[in-house]
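Notes for the one structure printed next.
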Amino acid sequence: MTEPGPEAGPPVPDPPLLEIVHLDVFYGDFQALFGVSLSVPRGGATALVGANGAGKTTLLRAIAGAQAAASGSVRYAGSDVTTAAPYRRISRGIALVPEGRKLFPSLTVEENIQVGAAAAASGGWPLERIYEAFPMIARRRRQHASTLSGGEQQAVAIARAVAAAPSLLLLDEISLGLAPRVVGELYETLAGLRSAGATLVIVEQDLQRAMDACDDLVCLLEGRVALAARVADVSRDQVIAAYFGEGRS
Amino acid sequence: MNWVNACLQGLLLGGQYALIACGLSLAFGVMRIVNLAHGDLAVCGAYLGLLLSSALGVPVWVTLPLLLPAAFAVGMALQVLLFGRALRHGVLTPVVVTFGLSIMIENLLQVAATSDPRGLSGGSLALASFHLGRGITVSWLFLTAFLTACAVLSGLQLALSHTSWGRQVRATADDLDTARLVGIRVRPVFATVAGIAVATAALAGVFIGTIGTFDPLTGANTLIFAFEAVVIGGIGSLWGTLVGGMALGVTQVVVGEANQAYAVLAVHLVFLAVLTVRPGGLFPGHQAARPVRRAGAFG
Chain A
66 MTEPGPEAGP PVPDPPLLEI VHLDVFYGDF QALFGVSLSV PRGGATALVG
116 ANGAGKTTLL RAIAGAQAAA SGSVRYAGSD VTTAAPYRRI SRGIALVPEG
166 RKLFPSLTVE ENIQVGAAAA ASGGWPLERI YEAFPMIARR RRQHASTLSG
216 GEQQAVAIAR AVAAAPSLLL LDEISLGLAP RVVGELYETL AGLRSAGATL
266 VIVEQDLQRA MDACDDLVCL LEGRVALAAR VADVSRDQVI AAYFGEGRS
Chain B
5 MNWVNACLQG LLLGGQYALI ACGLSLAFGV MRIVNLAHGD LAVCGAYLGL
55 LLSSALGVPV WVTLPLLLPA AFAVGMALQV LLFGRALRHG VLTPVVVTFG
105 LSIMIENLLQ VAATSDPRGL SGGSLALASF HLGRGITVSW LFLTAFLTAC
155 AVLSGLQLAL SHTSWGRQVR ATADDLDTAR LVGIRVRPVF ATVAGIAVAT
205 AALAGVFIGT IGTFDPLTGA NTLIFAFEAV VIGGIGSLWG TLVGGMALGV
255 TQVVVGEANQ AYAVLAVHLV FLAVLTVRPG GLFPGHQAAR PVRRAGAFG
């Protein structure tokens, strides 16, 4: 065993899994994101909060490749993926659970998951592992996705993304319209995924739940980063102030 | 008048309509494209069959291993070079583009092949038939066309239901944006669908040319019947397309048995009646305007 020399400095932190630098996104003439910069550490969970229209969904879509960046860059695992197509990003390990679940209604639960797994470079998670992680959908595997309850649909949407074996899982408003008990179950599943090594970016309207579930927090306000901090280092009041833009000149 | 025979002949004729209509249904269900050149592409298939069978001196059936891959390649090329670009500019642009393609094909065929009606040599199959008794005679050619339609539709349905490609096609038909988001490469999916649509149209064109005659303008009439079969059956439903085709075929032959002058009119009236009573068709499979459906295209 080699002892570190006396000249060895402090340990170098791991490079972030995701790094966004000065990202601008437009919808036609409307600018939705203004020079957004943030980094997501590997293995962590980052909450993305903000009022409606703050740009949270746009940011997730830009990371997933569904929304083109006008300028700035998205770096993932050390590679620039700013202009990569969604399928390339998925094969590299970025998967998105879109707002509103967006399941394919004419496909069964299992087919929805298989479609997600097909995009993975490694072939994705086997179905047995998926059903183990999402027991609530295991007995619904032959049903059409449109016949499930809201909570089950959300679980399928997450399972479809997880089937691609992502390193970075982007989750957009997964608790929207669901009973607190169901949301609790989904967050338990997410904790399990995190334990398995996944990095999470969670858009969440429930601030308390976001702060409980995540290590880092980024608050967007009108397309700009209003606050980026470790959850342990900020108070709820500070986040709320950033959320509503209080104290802005 | 032998009604049983008329119904049977109508069902067999309906198979031909379904064969040409299935590509139209597939293209609309997945890509939302109403290909007004579909009938003309079928006629192109007939002319290509004529060219190949004349050059090789063989019945047209022997040329199918060359003809169908060529038609598939043409469909893919059309998707990449024409339809895909048109689709980026809204729903009306592809209609105008395919209308233009239709006119261009018809004029090119008139220049290259003249307006003279042509026919394809089906070999001994073209004249063979068998008797079922009670004055019912079945043409082997008509039966082959019908069975081919059933085989093509079954094959497509099996591929759509049980393969990774099929799942991707159905997912794309359900929600194009989300299909991209979950990593489906939409362009290859569209290209293969367009290839299959043109290949099935070309196959139908070969039967059209073998059973009857064709000329550069045959495509327009063919398109109308195919379109009506798709709408009657329900857009996005392959088996519905077969039922739609058979409904048209039976109507045409049965009414024609009574009075030939009203046969085609009766077909169009059936189409109008279904459109009025059930605008989604008899077996609605896909309705693009509805964000969430119980059964999507080809489900």
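Here the protein sequences line up with chains A and B, keeping their order. Last residue of the first sequence: 314 (the numbering used here), numbering continuous. Last residue of the second sequence: 303 (the numbering used here), numbering continuous. Just so it is clear, CB atoms sit at the ideal spot from N, CA and C, and this is done for glycine as well.
{"query": "Is the shortest distance between the beta-carbon of A175 (chain B) and the beta-carbons of chain A less than 7 Å?", "result": "yes"}
{"query": "Assuming the contact rule is C-beta atoms closer than 8 Å, L16 (chain B) and F150 (chain B) should be a hit. Round their C-beta distance to whole Å, please.", "result": "5 Å"}
{"query": "My output table needs one value for A224 (chain A): the three-state DSSP class, helix, strand or coil.", "result": "helix"}
{"query": "Please identify the residue among A:D79, A:V304, A:A263 and A:L285 whose C-alpha is closest to the C-alpha of G108 (chain A).", "result": "A:A263"}
{"query": "How many Å lie between E84 (chain A) and G94 (chain B) at the Cα?", "result": "35 Å"}
{"query": "Pairing CB atoms from the region 122–136 of chain B with CB atoms from the region 49–58 of chain B, are three or more of them under 8 Å?", "result": "yes"}
{"query": "Any idea what DSSP makes of A129 (chain A), helix, strand or coil?", "result": "helix"}
{"query": "What's the call for D178 (chain B), buried or exposed, on a 16-neighbour Cβ count within 10 Å?", "result": "buried"}
{"query": "Alpha helix (DSSP H) containing G238 (chain B): first to last residue?", "result": "Per DSSP, G238 (chain B) belongs to no alpha helix (DSSP H) and is neither H nor E."}
{"query": "When you compare only the Cα positions, how much space is there between A224 (chain A) and S104 (chain A)?", "result": "25 Å"}
{"query": "Does the Cβ-Cβ distance between L40 (chain B) and S106 (chain B) come in under 7 Å?", "result": "yes"}
{"query": "Nearest to A186 (chain A) by alpha carbon, out of A:A291, A:E175 and A:I159?", "result": "A:I159"}
{"query": "Flag this pair as touching only if the region 293–301 of chain A and the region 181–197 of chain B have three or more C-beta atom pairs under 8 Å; answer yes or no.", "result": "no"}
{"query": "Could you work out which residues of chain A lie near V186 (chain B), taking near to mean beta carbons separated by less than 7 Å?", "result": "V180, G181, A184 and R225"}
{"query": "Locate the beta strand (DSSP E) running through A135 (chain A), then write down its first and last residues.", "result": "Taken as a continuous stretch (DSSP letters only), A135 (chain A) belongs to no beta strand (DSSP E), as it is neither H nor E."}
{"query": "Between the Cα of G170 (chain B) and those of B:P288, B:L12 and B:L30, spot the shortest distance and give me the residue it belongs to.", "result": "B:L30"}
{"query": "D281 (chain A) bridges to which residues according to DSSP?", "result": "A:T111 and A:R295"}
{"query": "Can you list, in chain order, the residues of its chain with a C-beta nearer than 7 Å to that of G215 (chain A)? Leave out the 5 residues immediately preceding and following it.", "result": "G242 and L243"}
{"query": "Taking 7 Å as the threshold (beta carbon to beta carbon), is S232 (chain A) in contact with chain B?", "result": "no"}
{"query": "Mapping DSSP to helix, strand and coil, what is T67 (chain B)?", "result": "helix"}
{"query": "Any chance the CB of R122 (chain B) is under 6 Å from a heavy atom of the ligand PLP?", "result": "This structure simply doesn't include the ligand PLP, nor any ligand for that matter."}
{"query": "On a CA-only basis, which of A:V247, A:A97 and A:L235 is nearest L285 (chain A)? Give me that one, please.", "result": "A:A97"}
{"query": "For F211 (chain B), which residues from the same chain have a beta carbon less than 6 Å from its beta carbon, with the 5 sequence-adjacent residues on both sides left out?", "result": "Q20 and A149"}
{"query": "Are the CB atoms of V290 (chain A) and V86 (chain A) nearer to each other than 7 Å?", "result": "no"}
{"query": "Please check the pair V234 (chain B) and T204 (chain B), which I expect to be a contact at CB under 8 Å, by giving their CB distance rounded to whole angstroms.", "result": "Contact doesn't hold; Cβ gap of about 13 Å is too wide."}
{"query": "What does DSSP give as the partner residues of E84 (chain A) in its beta bridges?", "result": "A:S104 and A:R140"}
{"query": "Does the distance from the CB of G14 (chain B) to the CB of G238 (chain B) come in under 7 Å?", "result": "no"}
{"query": "Relative to the alpha-carbon of I155 (chain A), which residue among A:K167, A:V180, A:L172 and A:L168 has its alpha-carbon at the smallest distance?", "result": "A:V180"}
{"query": "Thinking S240 (chain A) and V248 (chain A) are a contact (beta carbons under 8 Å), I'd like their distance in whole angstroms, please.", "result": "4 Å"}
{"query": "For Q264 (chain B), count neighbouring Cβ atoms within 10 angstroms of its own Cβ and tell me buried if that reaches 16, exposed if not.", "result": "exposed"}
{"query": "Determine, using beta carbons only, whether Y92 (chain A) comes closer than 7 Å to chain B.", "result": "no"}
{"query": "For the region 154–174 of chain B, list every residue whose C-beta sits within 8 Å of some C-beta in chain A, in sequence order.", "result": "S168, R171, Q172 and R174"}
{"query": "Please list, in chain order, the residues of the region 163–175 of chain A that have any C-beta partner in chain B closer than 7 Å.", "result": "P163, K167, F169, P170, S171 and L172"}
{"query": "Assess contact between the region 269–289 of chain A and the region 303–311 of chain A, defined as three or more Cβ pairs (one per stretch) separated by less than 8 Å. Is contact present?", "result": "yes"}
{"query": "When DSSP labels each residue in this structure, what does Q20 (chain B) get in the three-state scheme?", "result": "helix"}
{"query": "Which residues in chain A have a C-beta closer than 7 Å to the C-beta of R189 (chain B)? List them in chain order.", "result": "Y152"}
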